[in-house]
Amino acid sequence: MLISVEDLKETYYTICSTLEYIRTKRHTDKYNFDAAHERRRKEQLNKLLSRTKAEEEEELYLMNELKRIENEQKFVQQQDQNIITTTTNNSIQRTGSSPSRRSSITDEVNYSIEQLLYINAQSINQNTTTTTTTSQILFKNKKKNINNQQQQQQQQLMDINHDKQLASQKLLADSRIESNSIIVSKNDDDNEDFGKRKRDDK
Numbered sequence: 153m154l155i156s157v158e159d160l161k162e163t164y165y166t167i168c169s170t171l172e173y174i175r176t177k178r179h180t181d182k183y184n185f186d187a188a189h190e191r192r193r194k195e196q197l198n199k200l201l202s203r204t205k206a207e208e209e210e211e212l213y214l215m216n217e218l219k220r221i222e223n224e225q226k227f228v229q230q231q232d233q234n235i236i237t238t239t240t241n242n243s244i245q246r247t248g249s250s251p252s253r254r255s256s257i258t259d260e261v262n263y264s265i266e267q268l269l270y271i272n273a274q275s276i277n278q279n280t281t282t283t284t285t286t287s288q289i290l291f292k293n294k295k296k297n298i299n300n301q302q303q304q305q306q307q308q309l310m311d312i313n314h315d316k317q318l319a320s321q322k323l324l325a326d327s328r329i330e331s332n333s334i335i336v337s338k339n340d341d342d343n344e345d346f347g348k349r350k351r352d353d354k
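In case it helps, this note's numbering puts the sequence shown at residues 153 to 354.
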């Protein structure tokens with residue numbers, strides 16, 4: 153079992169904390185160490201550093217989209233505030249001594265505010281839907297790229313296996329040819345020796 157740096161640090165701080173308690177008879181936060189948090193932080197850092205170029209580009213695109221949506225929301229909110237301020241000022245200027253007139257203007261202002269809030273909510277929902285759709289498209293493209301890479305790897309493995317089979321067959325054929333050549337050569341030598349012995353006997 154491998155011991156990580158976090159495990160060593162956790163053991164070290166535990167020993168230091170125990171010695172400190174024995175010496176002072178008090179618990180202290182001086183030697184606190186959250187090993188689980190450090191492991192999670194290390195895992196997240198490894199994931200961040202192991203991103204591909206395509207993943208970095210997708211993340212940058214999503215961040216830009218998020219900033220654009222936030223800027224649009226701020227602009228809409230500012231416009232709403234300006235309209236509310238203008239409407240309120242106009243209502244105050246037009247308000248006379250009649251209570252019914254002031255009540256009518258107040259109703260108009262409230263209605264305008266409700267309409268602006270409704271429009272703002274619709275805009276936010278639309279932006280959220282756009283972001284979700286964009287994320288889904290990016291995820292599908294990423295999954296498609298991964299599938300294509302896997303298919304290419306499988307095809308490469310199949311090609312390698314096929315090349316290995318062809319090489320093995322060629323080696324086997326060459327071995328058979330070489331064996332046949334050796335046998336033929338040996339038979340020729342035997343025949344030549346037999347003929348020589350026969351001539352010597354005569």
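Glycine included, C-beta positions come from ideal geometry on N, C-alpha and C.
From the options, residue whose alpha carbon lies closest to that of residue i
| i | options | result |
| --- | --- | --- |
| Asp181 | Ala188, His189 and Thr166 | Thr166 |
| Asp259 | Asn272, Ala273, Asn277 and Thr239 | Thr239 |
| Ile235 | Leu323, Lys219, Asn262 and Lys177 | Asn262 |
| Glu137 | Glu210, Ile276, Leu200 and Phe185 | The shown model of the chain, from 153 to 354, leaves out residue 137, and the question about it has no answer. |
Close beta carbons around residue i, own chain, < 6 Å, minus the five adjacent residues each side
| i | result |
| --- | --- |
| Glu172 | Thr180 |
Classification of residue i by the beta-carbon crowding that lies within 10 angstroms, buried from 16 upward
| i | result |
| --- | --- |
| Ser156 | exposed |
Same chain only: Cβ atoms within 8 Å of residue i, ignoring 5 sequence neighbours per side
| i | result |
| --- | --- |
| Ser249 | With a pLDDT of 47 at Ser249, under the threshold of 50, the modelled position of that residue is not reliable, and the figure given next carries that caveat. Cβ neighbours of Ser249 beyond the five flanking positions: none. |
| Ala187 | Glu158, Asp159, Lys161 and Glu162 |
| Leu154 | none |
Spatial neighbours of residue i in its chain, beta-carbon cut-off 7 Å, leaving aside the 5 residues before and after
| i | result |
| --- | --- |
| Asp232 | Leu268 and Asn272 |
| Tyr183 | Tyr165, Cys168, Ser169 and Glu172 |
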